[in-house]
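Residues in the sequence shown are numbered consecutively from 10, following my numbering. All C-beta atoms, glycine included, are put in the ideal place defined by N, C-alpha and C. The structure presented is a predicted model; accordingly, all values stated were derived computationally and were not measured. For reference, the structure is listed below as structure tokens.
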Amino acid sequence: KPTLDNLQQVAHALAKRALDNGHDPHFYSPFAKSARRSLGINICGGKPDDVTVLLAVVTSTG
10 KPTLDNLQQV AHALAKRALD NGHDPHFYSP FAKSARRSLG INICGGKPDD
60 VTVLLAVVTS TG
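So, in structure tokens, the structure goes:
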């Protein structure tokens with residue numbers, strides 16, 4: 010069963026991964042893939058200044 014500690018651990022792990030990718034100049038991000046596909050622009054690298062993590066626990070009642 011999810012606990013607050015579990016959710017915080019997952020959120021921190023996701024944020025760290027996103028931050029690492031944001032600072033990696035060779036990371037082929039979804040933005041870069043879309044730019045290549047739609048505009049023919051060949052870019053790489055992440056966006057180091059925009060990391061947001063949102064987690065939710067969905068439960069049933071009844």
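Straight-line Cα distance separating residue j from residue i
{"i": "Leu63", "j": "Gly49", "result": "32 Å"}
{"i": "His21", "j": "His35", "result": "23 Å"}
{"i": "Arg26", "j": "Asp33", "result": "11 Å"}
{"i": "Val60", "j": "Gln17", "result": "15 Å"}
{"i": "Thr12", "j": "Asn51", "result": "42 Å"}
Nearest candidate by alpha-carbon position, reference residue i, set the options
{"i": "Gly55", "options": "Ala65, Thr68, Ala41, Thr61", "result": "Ala41"}
Presumed contact (8 Å Cβ cut-off) between residue i and residue j, rounded CB distance
{"i": "Asn30", "j": "Ser38", "result": "7 Å"}
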